[in-house]
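J.:
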Amino acid sequence: MSNASIPRHQVMTLSPKVRDRTRIGRLGPSRLRIAVNYLVMVPVTLLFVSPIIYMFIASFKPNNEVLSGFGVFSLQDLSFNNYLSIFSRFSGSDTGTFTGFLTTSLIVSAATVIGGLVVNSMAAYALARLRWPGRNLFLLAVIALVIVPFEAIAVPLFYMLDGLRNTYLVQFLPFIASPFSIYLFYSFFAGLPKSLEEAARVDGAGAWRTFFFIMLPNARPVFATVAILQFMASWSSFLWPVMVIDDPTVRPLPLAISVYVGTPPYGWGNIMAFGVMMVLPMLVMFLIFQRWFIRSVVTSGVKG
Amino acid sequence: MFTKPKTVAGPAIASIQQDTRAAVVMVTPAFLGLLAFIAIPFLLAIFLSTQNLQFGSGLAPTWMGLEQYRRILLDPLFRADFYRALINNATFAVVVVPAQTGLALAIALLLNRRLRGMPVFRTLFFMPVVFPMALVSVIWKLIYAPDDVGMLNTVLKVVTFGHIQPHDFLGDPKTALAAIIVTSIWSGVGFQMVIILAGLQSISATLYEAASIDKASKWQQFLNVTVPGLRNTLVFVVMVTTILSLRLFDQVYIMTRGGPLNATTTVMYQAVTSAFDQGNIGRAAAITVVFFVLVLGVALIQRWFLREEREIV
């Protein structure tokens, strides 16, 4: 950064005349440049999202027309048949049902997110704002645990929780308490101004009251961030279900599509319809709350 | 890393006792969760890696010492698979980390301009991030379909005027890992892009103004203003991507099952197949312990980079 601070000093000493001249040079981009920008951006973006477009189009095509080169992009023979056949293909307890997969994913994600918000925010508040013996030790433990990836403990966890296999519970219970979520909450609570709670504490409000009525109303952004990050992780979770779920009735969506792709007979049109139905809830939420999604990811990066 | 907490100054003894009581209740659920589902399994991994434990055999585990590690690292009968996995993970990281970061930086620079519709472009580039990796793998498996009617084969044929013959990308040991790499970059680049974009936007505009007054070319501005300003962001992004490369599993499991001929097997894939297909919990645990040591190494290297930065500034 040191080399950048020298020019800044020069700006201060420049005569107004010189500054004006450079300003003019930097006036908004010309029409030509704007056109060139779009000519680059639009094709690059289209190419980038083409796999997603492909998925959507293929989901409306008969199975035997998906693998037909560019023929798939012809707008003939479009129908919802693939979507309907998902429901008839998955219709018993031996195959599981699509609504069953969806329900599993929803229950597991909701339990992880809601449980996680409650458990981790409380712990973080106690760590950031209350005085109690053992606080620093616990804080250190949380920091240390942040770097343990789930993959490093998946095998022993699978061995420990053998008795809970093929349940909803086993799919969310290990993920509720999260060192990273505690860390995000902690940074937020620790950064709030002292004056915020001082008045309440002087008035005799206890820790709980302060937490619920002073802290929580101010903490909406961090709650949204943690909720979105936990939800994305939980909705996409794959390794753990592979290990602990083989009963189709409690199978989450990502595992279900991987089993589907691995067991013939299937058609690519059907599979893409399954994919669309699987991603649609997430995609709709993303398009509505995209600012929050992006902000959450950025926060996770900045704080890390 | 942590900012110092601002506790209420000089609380009375009574309120400290009350606080302690409240704190214990508040912390207990998280404490139990972290203990039961992270700390204990972590220690158990180390313990299990010293055991001969056949899952589902009903036999009691027996002590093996470091035999599992000797087998996966040194024994000619077993080590080939594990080294193949390590090489694949390393290849994946060596390609994906610079390629994905470079691409994310390029897209972020493209998007970091004042143009109408930029948020739309940003949304589209970020979109694959919300797709579950399982679904991404399935879509790309279709794209890589081996026949001449597969999408990638069709595109290549058209672009090269028929000079490239249809290829089985996932079925050929020479191209399978490359195919998985492309899929992974596509799925992850948006994540890095938004972080880098935020980093770009936090660089003060006056620095660029100053540089342009100094008649610095665009390229010089990039090297002397943009890159130093993004240093921490880039270190973070590189570290996260490296660790993700070590964790590689979903794509492999769905697209190739580690094949063909172990061409796409990974450390985590080995751990899972050891635990399931062979029921060998001891070896699976030893593999995950080695995996953790690798992750720790990456994290420490990142620490070291950031510490150096702090000393300079």
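Sequences listed follow chains A and B, in order. Under our numbering, the residues of the first sequence are numbered 7 to 310, in order. Under our numbering, the residues of the second sequence are numbered 1441 to 1753, in order. Even glycine gets a Cβ: it sits at the ideal position worked out from N, Cα and C.
Leaving out the 5 sequence neighbours to the left and right, which residues in its chain are closer than 7 angstroms to Arg1665 of chain B when beta-carbon positions are compared?
T.: Taking the first residue of the second sequence as position 1, residue 1665 of chain B is located at position 225. It should be noted that the sequence gives Val, not Arg, for residue 1665 of chain B. These residues qualify, in order along the chain: Ile1643, Leu1647, Tyr1648, Ala1651.
J.: Quick check: the Cα distance between Gly1590 of chain B and Ile1583 of chain B, rounded to an integer number of angstroms?
T.: Taking the first residue of the second sequence as 1, we reach residue 1590 of chain B at position 150. Taking the first residue of the second sequence as 1, we reach residue 1583 of chain B at position 143. Those two C-alpha atoms are separated by around 6 angstroms.
J.: Any idea if Ile135 of chain A is buried or exposed, counting beta-carbon neighbours within 10 angstroms, 16 or more meaning buried?
T.: For the purposes of this step, residue 135 of chain A is taken as residue 129 along the first sequence, with counting starting at 1. The residue asked about is misnamed: residue 135 of chain A is Arg in this sequence, not Ile. It is buried - the Cβ of Arg135 of chain A has at least 16 other Cβ atoms within 10 Å.
J.: Under a Cβ-count criterion, where at least 16 other Cβ atoms within 10 Å of its own Cβ denotes burial, should Phe1522 of chain B be classed as buried or exposed?
T.: Residue 1522 of chain B sits at position 82 when you count from the first residue of the second sequence. Per the 10 Å Cβ criterion, buried.
J.: Does Arg1747 of chain B come within less than 9 angstroms of chain A when only Cβ atoms are used?
T.: As a position in the second sequence, residue 1747 of chain B is number 307, starting the count at 1. Cβ-Cβ to chain A under 9 angstroms: no for Arg1747 of chain B.
J.: Closer than 9 angstroms, CB to CB, is Gly281 of chain A near chain B or not?
T.: Position 275 of the first sequence, counting from 1, holds the residue named residue 281 of chain A. Yes, because at least one Cβ of chain B sits closer than 9 angstroms to the Cβ of Gly281 of chain A.
J.: Beta-carbon separation of Pro1568 of chain B and Trp1659 of chain B under 9 angstroms?
T.: As a first step, residue 1568 of chain B is located in the second sequence; it is residue number 128 there, counting from the start. As a first step, residue 1659 of chain B is located in the second sequence; it is residue number 219 there, counting from the start. No. Outside cutoff.
J.: Taking only three categories from DSSP, how would you classify Trp138 of chain A?
T.: By one-based count along the first sequence, residue 138 of chain A stands at place 132. Looking at Trp138 of chain A - three-state DSSP - the assignment turns out to be coil, as it is neither helix nor strand.
J.: Can you tell me whether Ser74 of chain A is helix, strand or coil according to DSSP?
T.: Counting from one through the first sequence, the residue named residue 74 of chain A turns up at place 68. If DSSP states are grouped into helix, strand and coil, Ser74 of chain A belongs with the strands.
J.: Any beta-carbon of chain A closer than 9 angstroms to the one on Lys1581 of chain B?
T.: Taking the second sequence and counting its residues from 1, the one referred to as residue 1581 of chain B is at position 141. Output row for Lys1581 of chain B: interface = yes.
J.: Mapping the DSSP letters down to three states, classify Gly102 of chain A as helix, strand or coil.
T.: Residue 102 of chain A sits at position 96 when you count from the first residue of the first sequence. Looking at Gly102 of chain A - three-state DSSP - the assignment turns out to be strand.
J.: Verify whether the separation of the beta carbon atoms of Ile186 of chain A and Tyr131 of chain A is less than 9 angstroms.
T.: Translated into positions along the first sequence, residue 186 of chain A becomes position 180. Translated into positions along the first sequence, residue 131 of chain A becomes position 125. Here residue 186 of chain A is Phe; the residue named in the question, Ile, does not match the sequence. For Phe186 of chain A and Tyr131 of chain A, no; Cβs fall outside 9 angstroms.
J.: If you follow the alpha helix (DSSP H) that Leu1551 of chain B is in, where does it begin and where does it stop?
T.: Here residue 1551 of chain B is taken as the residue at index 111 of the second sequence, counted from 1. Element bounds for Leu1551 of chain B: 1519-1551.
J.: In angstroms with no decimal places, state the Cα-to-Cα distance between Leu1520 of chain B and Gln1691 of chain B.
T.: For the purposes of this step, residue 1520 of chain B is taken as residue 80 along the second sequence, with counting starting at 1. For the purposes of this step, residue 1691 of chain B is taken as residue 251 along the second sequence, with counting starting at 1. Looking at the sequence itself, residue 1520 of chain B is Ala, so the reference to Leu does not match. Taking the straight line from one Cα to the other gives about 22 angstroms.
J.: Quick one: using the 10 Å Cβ neighbour count with 16 as the cut-off for buried, is Ile1604 of chain B buried or exposed?
T.: Against the second sequence, residue 1604 of chain B aligns to sequence position 164. With fewer than 16 Cβ atoms within 10 Å of its Cβ, Ile1604 of chain B is classed as exposed.
J.: Counting along the chain, where does the alpha helix (DSSP H) carrying Lys1581 of chain B start and finish?
T.: By 1-based counting over the second sequence, the position of residue 1581 of chain B is 141. Segment 1573-1583, the alpha helix (DSSP H) holding Lys1581 of chain B.
J.: Report back the beta-carbon spacing between Val154 of chain A and Pro258 of chain A to the nearest angstrom; my notes put them in contact at under 8 angstroms.
T.: As a first step, residue 154 of chain A must be located in the first sequence, where it is residue number 148. As a first step, residue 258 of chain A must be located in the first sequence, where it is residue number 252. About 23 angstroms separates the two Cβ atoms, so there is no contact after all.
J.: Just to confirm my understanding: we take Gln1494 of chain B, look at its own chain, exclude 5 residues before and 5 after, and list those with CB closer than 6 angstroms. What are they?
T.: Counting from 1 along the second sequence, the entry for residue 1494 of chain B is found at position 54. Taken in chain order, the residues that qualify are Gly1719.
J.: In three-state DSSP terms, what is Gln82 of chain A?
T.: What you label residue 82 of chain A is simply residue 76 of the first sequence in a count that begins at 1. Three-state DSSP puts Gln82 of chain A in coil, outside helix and strand.
J.: Assign Val208 of chain A to buried or exposed, taking buried as 16 or more other Cβ atoms, counted over all protein chains shown, within 10 Å of its Cβ.
T.: Locating residue 208 of chain A in the first sequence gives position 202, counting from the first residue. It is exposed - the Cβ of Val208 of chain A has fewer than 16 other Cβ atoms within 10 Å.
J.: Excluding the five sequence neighbours on either side, which residues of its own chain have a C-beta within less than 7 angstroms of the C-beta of Gln1742 of chain B, listed in chain order?
T.: Start at 1 with the first residue of the second sequence, and residue 1742 of chain B comes out as number 302. So the qualifying residues of the chain are Val1675, Met1679.
J.: Where do the ends of the alpha helix (DSSP H) carrying Met283 of chain A lie?
T.: Translated into positions along the first sequence, residue 283 of chain A becomes position 277. From DSSP, the alpha helix (DSSP H) with Met283 of chain A extends over 274-294.
J.: Can you tell me which of A:Leu108, A:Glu203, A:Thr305 puts its alpha carbon nearest to the alpha carbon of Ala1638 of chain B?
T.: Here residue 1638 of chain B corresponds to residue number 198 of the second sequence, with the count starting at 1. Comparing Cα positions, the closest option is A:Thr305.
J.: Under 9 angstroms, Cβ to Cβ, is there at least one residue of chain B near Met288 of chain A?
T.: For this step, residue 288 of chain A is matched to residue 282 along the first sequence. Yes, because at least one Cβ of chain B sits closer than 9 angstroms to the Cβ of Met288 of chain A.
J.: For Asn88 of chain A, go through chain B and note every residue whose CB falls closer than 7 angstroms to its CB, in chain order.
T.: Mapped onto the first sequence, residue 88 of chain A falls at position 82. The premise fails here: Asn88 of chain A is roughly 13 angstroms from chain B at the closest Cβ pair, so nothing lies under 7 angstroms.
J.: Answer yes or no: does any C-beta atom of chain A fall closer than 9 angstroms to that of Gly1590 of chain B?
T.: For the purposes of this step, residue 1590 of chain B is identified with residue 150 of the second sequence, where counting begins at 1. Yes, its Cβ sits closer than 9 angstroms to a Cβ of chain A.
J.: Do you know whose CA, among B:Leu1506, B:Asn1492, B:Asn1528, B:Leu1610, lies nearest Ser1714 of chain B's CA?
T.: Along the second sequence, read from residue 1 onward, the residue named residue 1714 of chain B stands at position 274. Comparing Cα-Cα distances from Ser1714 of chain B to each of B:Leu1506, B:Asn1492, B:Asn1528, B:Leu1610, the minimum goes to B:Asn1492.
J.: Ile300 of chain A touches chain B at which residues, Cβ-Cβ below 7 angstroms?
T.: Looking up residue 300 of chain A in the first sequence gives position 294. By Cβ distance, chain B contributes Phe1566, Val1634.
J.: Answer with buried or exposed for Arg1553 of chain B, where buried requires no fewer than 16 other C-beta atoms within 10 angstroms of its C-beta.
T.: Numbered from its first residue, the second sequence carries residue 1553 of chain B at position 113. Arg1553 of chain B is exposed by the Cβ-count criterion.
J.: Contact criterion: CB-CB distance below 9 angstroms. Does Gln296 of chain A meet it with respect to chain B?
T.: For this step, residue 296 of chain A is matched to residue 290 along the first sequence. Yes, because at least one Cβ of chain B sits closer than 9 angstroms to the Cβ of Gln296 of chain A.
J.: Using the beta-carbon count (16 or more within 10 Å), is Trp1503 of chain B buried or exposed?
T.: Sequence index remark: in the second sequence, residue 1503 of chain B carries index 63 (1-based). By the 10 Å Cβ count, Trp1503 of chain B comes out exposed.
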